[in-house]
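The next block holds one structure in the form of structure tokens; read it before the comments.
If you want it as structure tokens, here you go:
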């Protein structure tokens, strides 16, 4: 979840006067951003937002090669490729001047003007860059429509002659792997035997994006069609490439790919965005959901979709329209922000676009006023707040032509069109949910948001303590409607009223700035976690970590700054009892680790429990005294934690390891969590349908959130010898002799897929006494627990089993 905060910042355009910014593109790390004009380009630094280098082409180069039309970064940010209107590629070297830095600050000799506070010192090292011309390339294939970087060695160039040319970054062309749209067979899916190439003339690609996790390209054509290009391997041999049409699309304008959830978003001329997923059985494109504005959000027509950009974590997408307006949506279609619903008020240019023009007076005027006899102003239409009565479809004050997300999604860069040719570069700040980057169950008990250098904590004590019922529990009634306990007095109406009033008066947020001594050198904030009581919070930036105590209102940092710089948190963080657990990478030793830092001790490696792991940690989660660790080798390892008496140490014992490489690519796994499922007895007519009963060992349950029942043996299915077909809705999972089995549940009768906020598993335990009075007893740490995997929006549950470990407490690789 992403939410805008504060006012947008307007940055000065360093290009020539009267020239519009055509495109902005950030590098892979989202730290550097290039803005392109007709004859020049500027490279900006993200934090602080300052220009680093400005390069302008001479007149002779413009006449010979044409003006700039597109730009693309090399993945390592060492080169920039610019396409021109005359079909040329210009490759520049981007060199970092290590002997000097940009924007050096010096204190004046006057003592009263010197900086005394640490917040006034900019400790971020802004690199000094040098731009040099590397090579000019003539593309003998018509005009260049789009460029797309596909690897660290090659860039793909699309032309008006329906060709997709592959150039190396050294300037040579990889002719053997160039593609021709006229020779690529297109069909509706990969199981159709009949596939035809594009036979129409003057058909070419006008937008393209590549994703190795999707194993292909998302493209839109100039005739409005959209498709997905795929191949058996990432080499993309021209003889093996196949095109898959996006069904029902004939007015596509742009396309962007979500790498994390394997989604393809296609903007259309009817102002909506259609999001497709790849069907694992047929290999075709299947419509997942549609992002469309309702009449409540905006009753008019904002025009065709101009630009689409996903955040780096894939949890939000930003879209802009040709007639103006910007919106931010969640991954599966919830509208988070829309500028068309903003009340612009007097920010409108009432001199040129006044909604009240009167022509029935002595002369035509653009405003109306009323005065008293002796000159007191009684009314003036220029001071009215016209709000949404303005025709935003034709005179929108926010018309965006290009967008780009900054690092960690905390800023959104936009090119705002002013008038006919002038443009401004603006930057809007965002806050996001900590679950977007650290999806552990322990973070769901408290409501807070994180910005790039601060936290926004809600004053609500505990969200789980306020879940009071709004009606009498139906489980207290028998078949004839008589309560099982007639002597009990129900005051649920009062409880419900108290619950609503309590939430209404708790809309305040505490702004918790991160200490300047930490965030100045470790910007931006990446991970955060709050303990179960909400009394302590820990954060991690680019390196090291820090934690805050709400009771003492003090931050605790590393006393030795060298230890803080020696590791970087890369796999999440959480609280276990009084310890901070992090998955990190040791820069000093060059390997991945799991570290535990005690809350009450000093932040020092002497008091930390450090466990080396075999691969990079992607996700952490905990349930009672069990820790689940997901690593880059697609291995989910479960440890049992125990506190050592007297010295306050921690012992870790590997209990189980599960290889999920057959289920999903490790980069597509969103979260890995533990849960317990136990059946709760009750009257048959009142008990809820048991969505998941205790599963047999080695069983696997898969829930597809796109309301589609999976079939065994399809493309991308789990390779199990005896995999069973999905159970019907409401049916219990039955034991199968095979090693794994699949099950699905259709919930289309409950809610529209776009209205589903989350899908979670909870503990159900048998409770003695009246169900409405007895609280669920604490689960035993030895009770069997199931492992829940969220991979690209699909929830998969694996029953636990004991697992062998070696002498170093690592799982034995005999899976």
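Residue numbers (UniProt numbering): 1 to 815. For glycine and all other residues, C-beta sits at the position ideal for the given N, C-alpha and C.
{"Check": "Run of the alpha helix (DSSP H) containing residue 101, from where it starts to where it stops", "Outcome": "That residue, residue 101, is in no alpha helix (DSSP H); its beta strand (DSSP E) goes 88-101."}
{"Check": "Which residues DSSP lists as bridging residue 594, in chain order", "Outcome": "583 and 611"}
{"Check": "Residue span of the beta strand (DSSP E) that contains residue 564, given as start and end", "Outcome": "That residue, residue 564, is in no beta strand (DSSP E); its alpha helix (DSSP H) goes 561-565."}
{"Check": "Cβ-based neighbour list, residue 818, same chain, cut-off 7 Å, excluding 5 preceding and 5 following", "Outcome": "In the structure as shown, the chain begins at 1 and stops at 815. Residue 818 is therefore absent and cannot be evaluated."}
{"Check": "Given 8 Å, three or more beta-carbon pairs between the region 83-90 and the region 40-53", "Outcome": "no"}
{"Check": "Nonlocal neighbours in the same chain, by C-beta distance under 6 Å from residue 191, ignoring five residues either side", "Outcome": "282"}
{"Check": "Beta-carbon contacts of residue 640 that lie in its chain and below 7 Å, excluding the five residues immediately before and after", "Outcome": "625, 626, 653 and 655"}
{"Check": "Selection from 523, 424, 513 and 73 that minimises the alpha carbon distance to residue 537", "Outcome": "513"}
{"Check": "Where the beta strand (DSSP E) through residue 450 begins and ends", "Outcome": "448-450"}
{"Check": "Cβ neighbours of residue 605 in the same chain (closer than 7 Å, five flanking residues each side left out)", "Outcome": "563"}
{"Check": "Own chain partners of residue 433 with C-beta closer than 7 Å, once the 5 adjacent residues on each side are dropped", "Outcome": "1 and 449"}
{"Check": "Environment of residue 796 [buried if 16+ CB atoms lie within 10 Å]", "Outcome": "buried"}
{"Check": "Burial state of residue 94, where buried means 16 or more other Cβ atoms lie within 10 Å", "Outcome": "buried"}
{"Check": "Residue 101 vs residue 125 beta-carbon contact at 7 Å", "Outcome": "yes"}
{"Check": "One or two residues paired with residue 622 in a DSSP bridge", "Outcome": "627"}
{"Check": "Pair within 7 Å by beta-carbon distance, residue 219 and residue 205", "Outcome": "yes"}
{"Check": "Cβ shell of residue 414 (< 6 Å), same chain only, five flanking positions each side left out", "Outcome": "400, 403 and 426"}
{"Check": "Contact the region 288-299 vs the region 322-341: 3+ CB pairs below 8 Å", "Outcome": "yes"}
{"Check": "Contact under 7 Å by Cβ, residue 610 with residue 599", "Outcome": "no"}
{"Check": "Contact under 7 Å by Cβ, residue 257 with residue 211", "Outcome": "yes"}
{"Check": "Residue 23 classed as buried or exposed, judged by whether at least 16 other C-beta atoms fall within 10 angstroms", "Outcome": "buried"}
{"Check": "Proximity below 7 Å, CB of residue 137 to CB of residue 159", "Outcome": "no"}
{"Check": "Extent of the continuous beta strand (DSSP E) run through residue 510", "Outcome": "509-513"}
{"Check": "Bridge-paired residues (DSSP) for residue 535", "Outcome": "Note: residue 535 sits in no beta bridge, so no partner."}
{"Check": "Spatial neighbours of residue 57 in its chain, beta-carbon cut-off 7 Å, leaving aside the 5 residues before and after", "Outcome": "39 and 40"}
{"Check": "Extent of the continuous beta strand (DSSP E) to which residue 308 belongs", "Outcome": "305-310"}
{"Check": "DSSP bridge partner residues for residue 321 (one or two, in chain order)", "Outcome": "305"}
{"Check": "Proximity test, Cβ basis, 7 Å: residue 445 and chain B", "Outcome": "Included in the structure is just one protein chain, with no chain B present."}
{"Check": "DSSP three-state assignment for residue 429, whether helix, strand or coil", "Outcome": "strand"}
{"Check": "Member of 175, 312, 108 and 109 whose CA lies at the smallest distance from the CA of residue 140", "Outcome": "175"}
{"Check": "Beta-carbon proximity list for residue 128, same chain, < 6 Å, skipping 5 on both sides", "Outcome": "97, 100, 101 and 102"}
{"Check": "Neighbourhood of residue 521 by C-beta, 6 Å cutoff - its chain only, sequence neighbours within 5 removed", "Outcome": "123"}
{"Check": "Which of helix, strand or coil DSSP assigns to residue 409", "Outcome": "helix"}
{"Check": "Span separating the alpha-carbon of residue 111 from that of residue 117", "Outcome": "14 Å"}
{"Check": "Strand pairing of residue 791, partner residues [DSSP]", "Outcome": "669 and 794"}
{"Check": "Range of the contiguous beta strand (DSSP E) that encloses residue 115", "Outcome": "Premise fails: residue 115 is in no beta strand (DSSP E) and is neither H nor E."}
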